[in-house]
Amino acid sequence: MAKPAVLTHPESLKRPAGPSEYAKDPVNAKMTKAEKVELYTKMARIRHFEQRCIRVYQQGKIGGFLHLYVGQEAVAAGTISLLGKHDHVITGYRDHGHALMVGMGMNECMAELTGKVTGCSKGKGGSMHYFAPDKNFWGGHGIVGGQAPLGTGLAYAVKYLGRKGSCLCYMGDGAVNQGAVHEAYNLAALWDLPVIFVIENNGYSMGTSQERSTAHPGCLAKRAEGYGMAWDVVNGHDVYEVRARTAVALKRAHEESKPTVLEIFTYRYYGHSMADPDKTYRDKEEIKEYREQKDPVLLFEKELIAEKTLTPEKAKAINEAAMEEADAAAKFADESPDPTLADVTKDIYWEEDNRGPDTSSRGTIIFE
Amino acid sequence: MAVMTYREALRAAMREELRRDENVVLMGEEVAQFNGAYKVTEGLLKEFGPKRVVDTPISEAGFIGLGIGASMLGIRPVMELMFWSFSYVAFDQIVNNAGNIRYMSGGLINCPIVIRGPANGGTNVGATHSHTPEAILASHPGIKVVCPATPYDAKGLMKAAIRDNDPVYVMENTILYNDKGEVPEDDYVVPLGVADVKRQGEDLTIVAHGRAVITSLKAAEILEAEHGVSVEVVDLRSIRPLDEETVLASVRKTHRVLLVEENKPFCGVDAQIAYLIQSRAFDELDAPIHRVSSVDAPQIYCKRLEDQQIPNPARVVAEALKVLA
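Structure follows, in structure tokens:
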């Protein structure tokens, strides 16, 4: 039986990249020049932070896994730039871009990668497990799709507490085949929860292409129909488009308390993680084509220069400043101390760290 | 003091905590309209309405994960698993997410969730519905596990669990749901991590938890009546945190120890208790420690054999006599 060949792609992706059709969309038109430059700056900061991470990893200072976000910047930047006080963010393990977008600093992020006590999780979480609850950022989750029920729960709490907010729950295209994601979809739709499931579709679940992993490929967002949920497909190389289409979903969450599945088409330039030699499952030409023609940072830079919001000189300065900031972060991480052996058994139980008269528990809680 | 069943005691705890804190929510399969598969939550929907008492689809990974996410924002969900055996399809949520979130966030995130439901064999339902996962779960730092054996403890531990700022997993027992006992009607908690000497004795210490406590108390009566042996029964009540001192004090008093649990023996809770005693009270022992656990096989369906597979008073008496020999 022939496989269905219909791909549900955003219209703008079917044409060569050019000026954004979404520049005049109200959410973009209302941005001041300063806000646009700030958005560009944030994308550049993600890019340079990640590029700097590669060097730190190659120096052997970052352990385990390092999943880079380079190429996907417009997704986190576009979506998170729209969020307000009661909007929450949760994602999978490719979480550096989201972390920087919600306002986490390069220093704490870099120090976490090198396992230092000055890291955002005191060196206890690592690359895949960044958190900043004070910034409504709930991780950073290592198990594919495991964050989908949590994100749905955050949206449930927002609704329970009577707040006009939402949860943006990000996942990769590989996550859509996990059972937990489908269970989360069902609950979100059944209970009208203000959650937006953002599928960052970079084409590969680790080294397995969509065609080899997913029945009915090209229609990941459309699975929402099975749950009666709204869905949309978005060109993730164009930050204006990401903002415009996410705004629709956000309005649906805020005003109708309804969930949405957004499939945002994007691309990662590096392997699944630094442990992936990236030689077996895709063509170098493919990567080159994306870098040259669809790079989200360069496209936005061109856009802003064309609309005279930015000059090439200013763009250069922004990039240089981001590189310097990333260098400083690497230095900060280098110079920071490790956690101590005593720290290993802290932050496990609330009461262990908050012993007081009102502590309800007794007994041994951490064992030798 | 009122006399009520274990089931009613659990319900009283939840009712009181629902009244006490508007962020407490009960959630689970059949907990609301159906009044609970085992009627533990009976009447609570009527009293508190559908915002506080919520029926979920059969979707454990989904709704348990949802509860964990909601708890991070300050909701205190009390999630019913129809059986703890069903937790296995939600293992990633229960262990990886609830158990690790505080640690991986460097202590920034609380996860004040309670997951409760029966965790027992002995009900003639076969292996898939008869798991006792307290040892598996308690082996993960970040998680707390309690196993009430009496109505008094059921209410007190449930209330402590709901007020706790960490994930607390309450293992109930369907066979105990109709057991009656005295339960104060006022507000009290049984702190997590405090064992209880359910029977004083001089010659032998039995350490047990959950329904094995009831089995051990029956065995203690037989041992006293038929063999003239004075048995002390220590109810752990809480697996993690663990009240090591109460166990050790009893060992120092009787110098002989029998460990009884409804788990399978391999990597069971009592393996840890045996280690504790030998490491801290080795010189107090007058005889090797013995154990009575469920026979090491998947739970058998046949009722006549299942009653012998899990610890019963006869098996406990026989093993106790070996320790005393």
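Those protein sequences? They're chains F and C, same order as listed.
Here our numbering is used: position 248 in the first sequence is 248, and no number is missing along the way.
Going from the second sequence to our numbering is simple: count from 1 and add 1000.
Here a beta-carbon is modelled for each residue, glycine too, at the ideal position from N, C-alpha and C.
Since we're looking at a predicted model, the values are computed, not measured.
If you check each beta-carbon in the segment 121-133 of chain F against every beta-carbon of chain C, the ones closer than 7 Å belong to S121, K122, K124, G125, H129, F131 and P133. The way I'd put it, the segment 1224-1231 of chain C doesn't touch the segment 1176-1192 of chain C; fewer than three beta-carbon pairs between them come closer than 8 Å. Put simply, of C:S1279, C:E1224 and C:R1237 the residue whose alpha carbon is nearest the alpha carbon of P1313 of chain C is C:E1224.
Contact annotation, A1212 of chain C with V1257 of chain C: C-beta distance approximately 14 Å; criterion of less than 8 Å not satisfied. Taking a Cβ-Cβ cut-off of 8 Å, the neighbours of V1194 of chain C in chain F comprise R362 and G363, given in sequence order. For the 7 Å CB-CB criterion, D1296 of chain C and K1253 of chain C do not form a contact.
Secondary structure of C167 of chain F (DSSP, three-state): strand.
Counting C-beta pairs with one atom in each stretch, the segment 1002-1011 of chain C and the segment 1196-1211 of chain C have fewer than three that are closer than 8 Å, which means they do not touch.
Not flagged as an interface residue toward chain C: A111 of chain F, since no C-beta distance is shorter than 7 Å. DSSP places E1172 of chain C inside the beta strand (DSSP E), whose first and last residues are V1168 to E1172. In this structure N201 of chain F is in contact with I264 of chain F, their Cβ atoms being roughly 6 Å apart against a cut-off of 8 Å. Here the alpha carbon of A17 of chain F sits roughly 32 Å from the alpha carbon of G105 of chain F. For the segment 1083-1114 of chain C, residues whose beta-carbon sits nearer than 7 Å to a beta-carbon of chain F comprise D1092, Q1093, N1096, N1097, R1102, Y1103, M1104, S1105, G1106, G1107, L1108, I1109 and N1110. Counting only runs of 3+ residues, the beta strand (DSSP E) found wholly inside the segment 1243-1300 of chain C occupies 1257-1260 and 1290-1292, in chain order. Taking 7 Å as the threshold, the shortest C-beta distance from T152 of chain F to chain C falls below it. R94 of chain F places its beta carbon 7 Å or farther from that of P1191 of chain C. Those residues of the segment 1058-1087 of chain C placed with their C-beta closer than 9 Å to a C-beta in chain F are S1059, E1060, A1061, G1062, F1063, I1064, G1065, L1066, G1067, I1068, G1069, A1070, S1071, M1072, L1073, G1074, I1075 and P1077, ordered along the chain. The Cβ of P1141 of chain C sits closer than 7 Å to at least one Cβ of chain F. N1312 of chain C sits in coil when the DSSP states are folded into three classes, being neither helix nor strand.
About 10 Å separates the Cβ atoms of V242 of chain F and F300 of chain F, ruling out a contact at the 8 Å cut-off. With respect to chain F, the C-beta atom of L1026 of chain C has no partner C-beta closer than 7 Å. If you draw a straight line from the Cα of E335 of chain F to the Cα of G1065 of chain C, it is about 38 Å long. The beta-carbon of G146 of chain F is placed less than 7 Å from the nearest beta-carbon of chain C.
Contact of L190 of chain F with chain C by beta-carbon distance below 8 Å involves P1057. The Cβ of L1010 of chain C sits no closer than 7 Å to any Cβ of chain F. In chain order, A77, S81, L100 and M101 place their CB closer than 8 Å to the CB of K42 of chain F, counting only its own chain and leaving out the 5 sequence neighbours on each side. Inclusion of F137 of chain F and V89 of chain F in the CB contact set at 7 Å is warranted, their separation being smaller than that value.
Chain order gives the chain F residues near L1242 of chain C as G363, T364, I365 and F367, where near means a beta carbon separation below 9 Å.
Classified as exposed, A1325 of chain C has fewer than 16 neighbouring CB atoms from the shown chains inside 10 Å of its CB.
Counted as a single uninterrupted DSSP element, the beta strand (DSSP E) harbouring G1117 of chain C occupies residues V1114 to P1118.
Every alpha helix (DSSP H) stretch that sits fully inside the segment 1197-1233 of chain C and reaches 4 residues is listed by chain position as 1211-1227.
Considering only F:L13, F:E11, F:K14 and F:A23, the residue with the shortest C-alpha distance to T309 of chain F is F:A23. If you draw a straight line from the Cα of G1107 of chain C to the Cα of T79 of chain F, it comes to about 28 Å. Residues of chain F with a Cβ closer than 7 Å to the Cβ of S1238 of chain C are, in chain order, G363. For the segment 254-277 of chain F, the set of positions with a beta-carbon nearer than 9 Å to some beta-carbon of chain C is empty. In the displayed model, T208 of chain F falls within a strand according to three-state DSSP.
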